[in-house]
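Asks:
Numbering (mature numbering (1 follows the signal peptide of the UniProt record, and there is no 0)), first residue to last: -19 to -1, 1 to 143.
Here it is, written out as structure tokens:
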């Protein structure tokens, strides 16, 4: 009985040692500061460092603003493939998203990749700076009462809802 268990253990150890193994060129891609509306696509390189074909079964983003694309073809031993990740650069502000990669690597069947950066609206920043720098006399007297009327209407609607 001991010989049978030892044989099974050795067979399992050999099978585990000769398996597909996933590795990445990087696990975080930092976009840095990017302009709103610019190309949000980046690539992660996946390598099979094992001796059996590696299959990426699923790539799941943490939200709908991130879209992954990958090949369903097996990655042969020693070969590489790419995972294309797109971020919606129409969403302004800082972001830090994760992407889960599921594969047939027995030791690491779930890997996590990250993208981060800051989408800036450069035109909006410049327009805002112009408004701040504008002299006070450039605003007409008619502007103030109109905005206070709008505020008054909002207050009255809120009171009417009570």
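Ideal Cβ placement from N, Cα and C applies to all residues, glycine included.
In three-state DSSP terms, what is residue 13?
Replies: As a working mapping, residue 13 is identified with position 32 in the chain shown. In this structure, residue 13 counts as strand in the three-state DSSP scheme.
Asks: Quick check: the segment 6 to 23 against the segment 92 to 100, are there 3 or more CB pairs under 8 angstroms?
Replies: These segments touch.
Asks: Determine the DSSP secondary structure at residue 26, reduced to helix, strand or coil.
Replies: To locate residue 26, count along the chain shown from 1; it is residue 45. Strand, per DSSP.
Asks: Assign residue 70 to one of three DSSP states: helix, strand, or coil.
Replies: Locating residue 70 in the chain shown gives position 89, counting from the first residue. In this structure, residue 70 counts as coil in the three-state DSSP scheme.
Asks: Can you tell me which residues form a DSSP beta bridge with residue 77?
Replies: For the purposes of this step, residue 77 is identified with residue 96 of the chain shown, where counting begins at 1. For residue 77, which the question treats as bridged, DSSP gives the partners 97.
Asks: Go ahead and label residue 80 buried or exposed: buried means 16 or more other beta carbons lie within 10 angstroms of its beta carbon, across all protein chains shown.
Replies: What you label residue 80 is simply residue 99 of the chain shown in a count that begins at 1. Per the 10 Å Cβ criterion, buried.
Asks: Is residue 36 near the ligand SAM, in the sense that its beta carbon is under 7 angstroms from a heavy atom of that ligand?
Replies: With respect to small molecules bound, the structure shown includes none, and the ligand SAM cannot be examined in it.
Asks: Do the CB positions of residue 25 and residue 64 come within less than 8 angstroms of each other?
Replies: One-based indexing of the chain shown puts residue 25 at position 44. One-based indexing of the chain shown puts residue 64 at position 83. Yes, they are a contact pair.
Asks: By Cβ distance below 8 angstroms, which residues in the same chain neighbour residue 44 in space, the five residues on each side in sequence not counted?
Replies: Residue mapping note: residue 44 aligns to position 63 of the chain shown, counting from 1. So the list reads 78, once near-sequence residues are dropped.
Asks: Can you find the residues in the same chain that come closer than 8 angstroms, C-beta to C-beta, to residue 46, ignoring five residues on each side of it along the sequence?
Replies: Residue numbering aside, residue 46 sits at position 65 when the chain shown is read from its first letter. Same-chain partners within the cutoff: 68, 69, 72, 76 and 78.
Asks: Which same chain residues, not among the five before or five after residue 206, have their C-beta less than 7 angstroms away from its C-beta?
Replies: Nothing can be reported for residue 206, as the shown portion of the chain is limited to -19 through 143.
Asks: In angstroms, rounded to a whole number, what distance separates the CA positions of residue 59 and residue 31?
Replies: The residue given as residue 59 occupies position 78 in the chain shown. The residue given as residue 31 occupies position 50 in the chain shown. Cα to Cα, residue 59 sits roughly 7 angstroms from residue 31.
Asks: Would you list the one or two residues that DSSP bridges to residue 49?
Replies: Numbered from its first residue, the chain shown carries residue 49 at position 68. Residue 49 pairs with 66.
Asks: Going by C-alpha distance, which of 16, 22, 1 and 84 is nearest residue 99?
Replies: To locate residue 99, count along the chain shown from 1; it is residue 118. For residue 99, the nearest C-alpha among the options comes from 16.
Asks: Ends of the beta strand (DSSP E) at residue 38?
Replies: Stepping through the chain shown from its first residue, residue 38 is reached at position 57. First-last of the beta strand (DSSP E) with residue 38: 37 to 42.
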